[in-house]
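**Student:** Mind having a look at this structure? Questions to follow.
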Amino acid sequence: MTRPVPAAPLASFYFCYFAFLGAYAPFWPLYLKSVGMSAAQIGTLLSLVPITRVVGPALWGWLADHRGRRVPVVKLTSVATLIAFCGAFAGTSYAWLFCVMLVMNAFWCGSLPLVEATTMAHLGDRVADYGRIRAWGSVGFVAVVVAAGYLLDAAGVGSLLWLIAVLLALHAASSFAVPEAPPHVHHEQVQGILQILRQPPVLALFAGCFLMSVSHGPYHTFYSIWLVEHGYTKAHVGWLWALGVISEIVVFFYWTRLTSRFDARALLLAAYAIACMRFAAIGWLPDSVTMIVAGQVAHAATFGVFHGSAVALTHRFFRGRHQSKGQALYSGIGFGAGGAVGGLAAGFLWDHTGGAWTFTAGAAAGLAAFAVTWRWLRVPLAGSRAVRAVQG
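Following the working numbering, the numbering of the sequence shown begins with 202 at its first residue and continues without gaps.
Pasting the structure below:
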């Protein structure tokens with residue numbers, strides 16, 4: 202008998218997790234600039250998010266696998282994130298915020314990969330329904346990013362601290378509703394983790410994910426600052442970020458239909474090609490409202506299609522007892538190492554070459570991801586469709 206999927210508590214976690222991100226990702230760089238940080242310092246501080254994701258998710262995943270339970274680790278990391286962030290109220294020096302953000306992100310990086318693995322375990326062979334659950338995270342992001350833009354225009358950037366603290370409290374509360382997935386019984390022989398990692402398709406998948414995150418470095422670090430410098434208000438910034446995530450929601454709600462028509466490799470190639478065009482347009486045509494809006498609509502592909510395909514292929518390649526490790530590696534190599542390199546490089550390039558060429562470098566990284574995937578990512582015929590691939 203098929204078990205019911207606990208969609209509501211999982212969706213509530215995604216909603217609260219990404220609601221926090223809706224305040225943090227677009228507006229935290231503006232807060233850092235308001236307290237006197239340089240472009241290089243902002244790039245370094247924001248790179249702490251992906252730097253902690255290089256090894257953090259793997260360590261938290263190991264702890265969850267060692268205990269045989271994921272949810273207690275999700276609760277621990279969520280509550281500790283809130284406590285660590287409260288340190289931001291105590292000072293605004295570069296050294297102090299460096300310490301606060303380092304500790305906060307060391308905990309924050311742990312919860313999402315574990316919940317992704319838990320969601321996949323609950324779904325079982327119904328993984329095509331992942332998009333409808335994950336879409337609630339995008340809804341949370343949109344709701345907050347729009348409201349936050351108006352709040353900051355009215356109350357000032359300093360109000361961001363209180364908003365983030367409230368959102369992290371909701372995130373911590375939602376972690377206590379996440380249901381533990383039943384243990385998976387392994388009926389087949391599972392390869393060792395190093396054997397899996399040595400496979401060319403797996404290496405190509407993670408290399409593409411790394412380069413895709415590098416390409417987003419300028420966007421995640423300086424997009425809001427770039428818009429404000431070109432005359433957009435904070436409310437405009439909020440709506441533009443929201444537009445990108447609304448486009449992403451559409452992808453997740455139609456994910457089943459999309460994956461029935463296109464295989465995972467084709468979807469990744471499309472996402473990488475669109476990323477190249479998107480970031481070039483943002484860099485060279487920031488005064489064109491049409492191109493900026495089109496660039497945000499393209500987020501449907503550069504995150505929604507990319508992330509859905511990458512999670513699906515990771516779930517296929519890493520079977521059984523390696524599923525938590527697989528999602529942690531995807532997070533660590535892609536969003537972690539790739540995001541760190543992209544953010545640090547963006548901070549350096551911004552000071553030395555300006556915004557247009559910094560976004561161009563991001564476009565070049567997207568092109569490199571396309572080339573690697575085209576040449577080396579070959580998915581076996583039995584798993585060529587994204588839905589069938591993750592069913593394994």
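Ideal Cβ placement from N, Cα and C applies to all residues, glycine included.
All values reported here derive from a predicted model rather than from experimental measurement.
#1: Ordered along the chain, which non-local residues of its own chain (more than five positions away) have a Cβ less than 7 Å from that of Leu568?
#2: Output needed for Ala322: all residues of its chain with C-beta closer than 8 Å, excluding positions within five of it in sequence on either side, in chain order.
#3: Grab me the residues of Trp427's own chain with a C-beta within less than 7 Å of its C-beta, minus the 5 sequence neighbours each way, in chain order.
#4: Looking at C-alpha atoms only, which residue of Arg335, Gly311 and Phe423 is the closest neighbour of Ala240?
#5: How is Asp464 classed by DSSP in three states: helix, strand or coil?
#6: Quick test of the definition: if touching needs 3 or more C-beta pairs under 8 Å, does the region 273 to 290 touch the region 328 to 346?
#7: Start and end of the alpha helix (DSSP H) containing Val498?
#8: What is the DSSP secondary structure of Asp326, reduced to helix, strand or coil?
#9: DSSP on Thr197, reduced to helix/strand/coil?
#10: Mark Thr554 as exposed unless 16 or more other C-beta atoms lie within 10 angstroms of its C-beta, in which case mark it buried.
#11: Which residue from Phe221, Ala570, Gln242 and Phe571 puts its Cα closest to that of Val346?
#12: Cβ atoms of Gly533 and Val255: under 7 Å apart, would you say?
#13: Taking DSSP as the reference, what is the three-state secondary structure of Val591?
#14: Kindly indicate which residue of Ala541, Trp261 and Ser312 has the alpha-carbon position closest to the one of Ser279.
#15: Quick check on Leu441: does DSSP put it in helix, strand or coil?
#16: Pairing CB atoms from the region 566 to 580 with CB atoms from the region 455 to 469, are three or more of them under 8 Å?
#17: Could you give the distance in angstroms between the alpha-carbon of Pro258 and the alpha-carbon of Trp440?
#18: Would you say the region 448 to 457 touches the region 357 to 374, given that touching needs at least three Cβ pairs under 8 Å?
#19: Would you mind working out which of Leu362, Arg399, Ala355 and His431 sits nearest Thr293, comparing C-alpha positions?
#20: Select from Ala465, Gly223 and Pro207 the residue whose C-alpha is nearest the C-alpha of Leu352.
#21: Under 7 Å, do Leu264 and Val274 count as touching if we go by C-beta distance?
#22: Measuring CA to CA, which of His421, Asp464 and Tyr218 is closest to Leu514?
#23: Could you round the C-beta distance between Pro251 and Gly540 to whole angstroms and report it? I think they count as a contact, below 8 Å.
#24: Specify the secondary structure class of Leu486 as computed by DSSP and reduced to three states.
#25: Would you report the Cα separation of Asn306 and Leu315, rounded to the nearest angstrom?
#26: On the CB-based measure, 16 or more other CB atoms within 10 Å of its CB, does Gly432 come out buried or exposed?
**Tutor:** Quick answer:
#1: Cys477
#2: Ala382, Pro383, His385 and Gln524
#3: Pro487 and Gly556
#4: Phe423
#5: strand
#6: no
#7: Val490 to Val498
#8: coil
#9: Within the shown structure, residues of the chain are numbered from 202 to 593, placing residue 197 beyond reach of any answer.
#10: exposed
#11: Phe221
#12: yes
#13: Note that Val591 scores a pLDDT of 35, beneath 50, so its modelled location is shaky; the value from the coordinates is reported in the next line. Val591 falls in the helix class under three-state DSSP.
#14: Ser312
#15: helix
#16: yes
#17: 31 Å
#18: no
#19: Leu362
#20: Gly223
#21: yes
#22: Asp464
#23: 3 Å
#24: coil
#25: 15 Å
#26: exposed
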